[in-house]
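Residue numbers (the numbering used here): 27 to 484. No residue lacks a Cβ here, since even glycine has one placed at the ideal position from N, Cα and C. Below you'll find the structure, written out as structure tokens, and then a few comments.
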Ligand code: 5AD
Ligand code: SF4
């Protein structure tokens, strides 16, 4: 693996300054997971580094960039729809630059489609192009031609990219990139490439900066954070990294996503139990409650092993909560398989389930499996699971009443009330004013209103 360091591209800055009378504006929209949102923040940072300003409407923009997600077909269709809607803007303003980047653009068939059917798209690059974006813009502006990259996999980690973060108190911090797991439904290993970990020193340096800047909730990101450290020279694992970060003094909480159950170790659970800075809420996607389906998905754990881990955590970490991702309608999923998943979800008592109707992804093994499930059946199962999610959510709210929770406050609801989120991402409203924003405060939970909690400062 190669480690690269971003450097300011003075040529690109000069070209931008020559091309535009006033600083041009970029509209960057990210779809999909937090990793992508974080990439979008870096894209904005890099653009600002060469003289762009940012804007939040396409009408104002000189450059429109869609940073896309490929996990489900629905998200891809939305992007094509949104790109299609820009044709008129481009006719009105031929100088407008339109770009598509991210996971969709890492697939050859998508790039071919953009090339053939969307002639007004000027710029296409995949997930590893952010540091090269200034050079691509120079190409586009100088040669006046479209710049569409054929997807390549680049086994590198780029450090010191400038970043323009969306929030002043919640920050994303990638610790690794890529995925080697090849779950049979998932496109991620094909578009995000092989696992690469950042060094503990690089992660620590960014983490310290975030704490110094006043960030209160720092979420460590990776497709599979539990395989952090594989391939690094120094011998380290994810729990070691957490312990290292927790040595940084300050008032902050650490979250992380995503943990693969096959690699989530007891050492990790013990670390969460021991460190006050680690949030007592774990996102642990189970995907299905049926062993047969888990095997077909290539997940490498059984329902019983998953449950063992949950039970161990409940024993070691008082009040721990879990959330999960679940796919419904995976090829071959019978009504019986699905019924086991429903029961399993109830048994685990998930604070939140993210429910995904299975989506066929070209090039993945599951797309070729027999017994694909009808869309209508997927929707019906998704709705039934959503009902269980709602019931569990209500139970979670009820079981929180009377407890004291740490809440990170965000914004006023009105002149007299503030709202924030506690560990399992439950919304909490208390009497208070804007001074509470961006502080972590202990709150006594006193009641429930609709789908959120009421409380008072402890
Ligand atoms: N269809 C439906 N859901 C999927 N996910 C990943 N690939 C697919 C797919 N092809 C879901 C998984 C994963 C989450 C981020 O997206 O549940 O955990
Ligand atoms: Fe996809 Fe599985 Fe990797 Fe997650 S662990 S990104 S679901 S292949």
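Distance from the C-beta of residue 212 to the nearest heavy atom of the ligand SF4 is below 8 Å.
Per the coordinates, the alpha-carbon of residue 304 lies some 21 Å from the alpha-carbon of residue 374. Restricted to the stretch 154-236, the alpha helix (DSSP H) segments that are unbroken, complete and at least 4 residues in length are 159-169 and 214-218, listed in chain order. In terms of CA proximity to residue 282, 271 leads the group 275, 276 and 271. Straight across, the Cα-Cα distance linking residue 389 with residue 37 is about 39 Å. Residue range 89-94 is occupied by the beta strand (DSSP E) that includes residue 93.
Taking C-beta atoms under 8 Å as the contact rule, residue 307 and residue 450 qualify, at a distance of about 5 Å. Nearest in C-alpha terms to residue 312, of all of 226, 292, 286 and 91, is 286. A distance below 8 Å between beta-carbons, with the five flanking residues on each side excluded, links residue 100 to the following residues of its chain, in chain order: 385. With a threshold of 16 other beta carbon atoms within 10 Å, residue 337 falls short and is exposed. Relative to the ligand 5AD, residue 203 has its C-beta separated by 8 Å or more from all heavy atoms. At least one heavy atom of the ligand 5AD is found less than 8 Å from the C-beta of residue 392.
In the DSSP secondary-structure assignment, residue 444 is bridged to 438 and 456.
Beta-bridge partners assigned by DSSP to residue 307: 347.
Counted as a single uninterrupted DSSP element, the alpha helix (DSSP H) harbouring residue 100 occupies residues 99-110. In its chain, beyond the 5 residues on either side, 342 have a beta carbon closer than 7 Å to the beta carbon of residue 296. The beta carbon of residue 125 is closer than 8 Å to those of 89, 90, 91, 92, 147, 148, 149, 150 and 151 in its chain, skipping five residues each way along the sequence. Cβ contact annotation for residue 395 (same chain, cutoff 8 Å, sequence separation greater than five): 210, 322, 357 and 358, in chain order.
Distances between the C-beta of residue 184 and the heavy atoms of the ligand 5AD are all 8 Å or more.
Comparing C-alpha distances from residue 393 to each of 330, 213 and 463 shows the shortest one belongs to 213. Shown here, residue 291 sits in coil according to DSSP, grouped into three states, outside any helix or strand. Here residue 334 is not near residue 376, since their CB atoms are 9 Å or more apart.
The alpha-carbon separation between residue 218 and residue 446 amounts to approximately 33 Å.
Sequence-distant partners of residue 454 (beyond 5 residues in either direction) whose C-beta falls short of 8 Å from its own C-beta, in its chain, are 431, 433, 445, 446, 447, 448, 469, 471, 478, 479, 480 and 481. Excluding the 5 residues flanking it on each side, residue 70 has same chain C-beta neighbours closer than 6 Å at 54, 80 and 190, in chain order. When distances are taken from the beta-carbon of residue 217 to the heavy atoms of the ligand 5AD, even the shortest one reaches 8 Å or more.
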